[in-house]
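A short write-up of the structure that comes next.
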Amino acid sequence: MKKALALNIDHVRSFISESQIYKLSSAVKEKLEMVHRKSGPGSDFLGWVDMPSSISEQDFEKIEQAATDMQKKTEAVVVIGIGGSYLGAKAVIEALSHGFISRPSGGKYPEIYFAGNNISEDYLSELVDVLEDKEYGLVVISKSGTTTEPAIAFRILKSHLEEKMGKTEAGKRIIVITDAHKGALRSLADREGYKSFVIPDDVGGRYSVLTPVGLVPIAIAGFNIRALVEGAREMEEKTGVEHGLDDNPSALYAAVRYLLYQSGKKVEILVNYHPKLHFFAEWWKQLFGESEGKDGKGIFPAAVDFTTDLHSMGQYIQQGERILFETVISVEHSERTLKIPEDPANLDTLNYLAGKRIDEVNKMAELGTLLAHVDGGVPNLKIALERLDERCLGQLIYFFEKACAVSGYLLGINPFDQPGVEAYKHNMFALLGKPGFEKATREIRKKIL
Ligand code: PA5
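Here's what the structure looks like:
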């Protein structure tokens, strides 16, 4: 097996003791068993647990075929979805893509845009501006098939594409990913004969990146979905129920963050030192925020990009209210080599760094920051990831998913529902006068008068 990600908890030891951690062993084991036996709250949504090892050759082939067809027909693809229906794909694509060249590999793969994750008129209008001169396709993703944000974006872009290409040609450039039977999107896909993929019933949005929800866009972008799933498979094995706290990184992470939470550390900051991981943190925030934040409980998941944010949020982290802990994603190997040159004038006094790789400086910034923050009262966990490739990202995704489920059960909540998300929708529908909301409309109008 390729080197697995490693969790290092050395820098939480001055905040919580070894014995506290190991006292939690049996509780963690019990929660892990609940996840595997599907016996806890929300157990109808545990299909992701053995998803990596159950994806078949046929599943891969179907996705790869659809991706190749789309690549041949388009120079840009818009992935329409919100929350769990886009963040996983966005996270992986950003982490693996060139930071500045939108279509490397000689333009073999389409550029990927995202839409339907906000209701900004300017955003959609500007996207349409860009699409005007491009051969493009659409991948629309919604499990419920009725979510307002992607539904609006799809309506606009589908009609734009149909005007541009004609209905038949447009239809060949649309892929739908939704429920097998229910929802408006399923009816539309069946009626129009769009190519479609199914989101399994027993996988919720934020746990769905290793289903067609994430795999189709990632494959279209030209990345190796087999290696991604292989990495996740490795973690599936490594975090199985037979592994105790000593050799199960997800279980250990869940135990440590639970103890930190109990000790008053209410905010967890996911830290990265690579701008390409910015959206991975967005995916992680949704996973933990939506899973744990309920019944008046839950660690608040925040994220920073270092060293960028050391010049903004660094002050608070070092000396603000001591309610924080950090989890650092530390990437061991950079993909590229760039050394700092010697400068005879040395006006910037940087010659002491001449000949060093930028990554070496980054690593010292990482270590220096970790030590400073721990001294400042911020416990640090470190996740060492070999590199930013598909396999390592697959490991990281599954590691967090498993940890999140165990964490939720430790907290005593259902990590697989999101009842709180409905409140804003209810008010928005009432304010917009959606049919069926007449009473709510009258009530909300009284409130705002
Ligand atoms: O994790 C979740 O379940 C949510 O974030 C959903 O993914 C999100 O609300 C989008 O829902 P849908 O896929 O039904 O459009």
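Number 595 in this note's numbering belongs to position 366 of the sequence shown; there are no gaps in the numbering. Even for Gly, the Cβ is constructed at its ideal location relative to N, Cα and C. This one's a predicted model, so the numbers in the text were calculated from it and none came from an experiment.
Heavy atom of ligand 1 within 7 Å of residue i beta-carbon
i	result
E519	yes
K319	no
S373	yes
P379	yes
S314	yes
Q300	no
R415	no
T376	yes
G310	yes
G433	yes
V650	yes
Q294	no
Q647	yes
Q287	no
Residue nearest to residue i in terms of C-alpha spacing, selected from the options
i	options	result
I341	G605, I449, V485	I449
E392	G276, H562, L360	L360
T566	I245, Q547, E589	E589
R435	W513, D476, V557	W513
S334	F452, V306, P379	F452
G606	Q547, D572, Q491	Q547
V308	I569, I404, A399, K337	I404
V321	A601, H507, G549, F274	H507
K631	F645, R620, D618	F645
G641	G527, E463, F343	G527
F426	I370, E247, V496, I558	I370
I381	D362, S563, E350, K401	E350
R420	H410, E651, I428	H410
G493	I238, F244, T537	F244
L499	L488, Q491, Y482	Y482
M280	G665, Y627, G400	Y627
Helix, strand or coil at residue i [DSSP, three-state]
i	result
A409	coil
K663	coil
S425	strand
G366	strand
Y342	strand
V308	strand
F535	coil
S248	helix
S388	helix
H240	helix
S520	helix
L625	helix
K232	coil
P270	coil
L253	coil
E651	helix
N643	coil
L582	helix
Buried or exposed (CB count within 10 angstroms, at least 16 for buried), residue i
i	result
F629	buried
T477	Here the sequence assigns Asn to residue 477, which means Thr is not the residue at that position. Answer is buried; the Cβ neighbour count reaches 16.
Q647	buried
Q294	exposed
P379	buried
G649	exposed
Q515	buried
T397	exposed
T375	exposed
S282	exposed
S520	buried
F329	exposed
M464	buried
K319	buried
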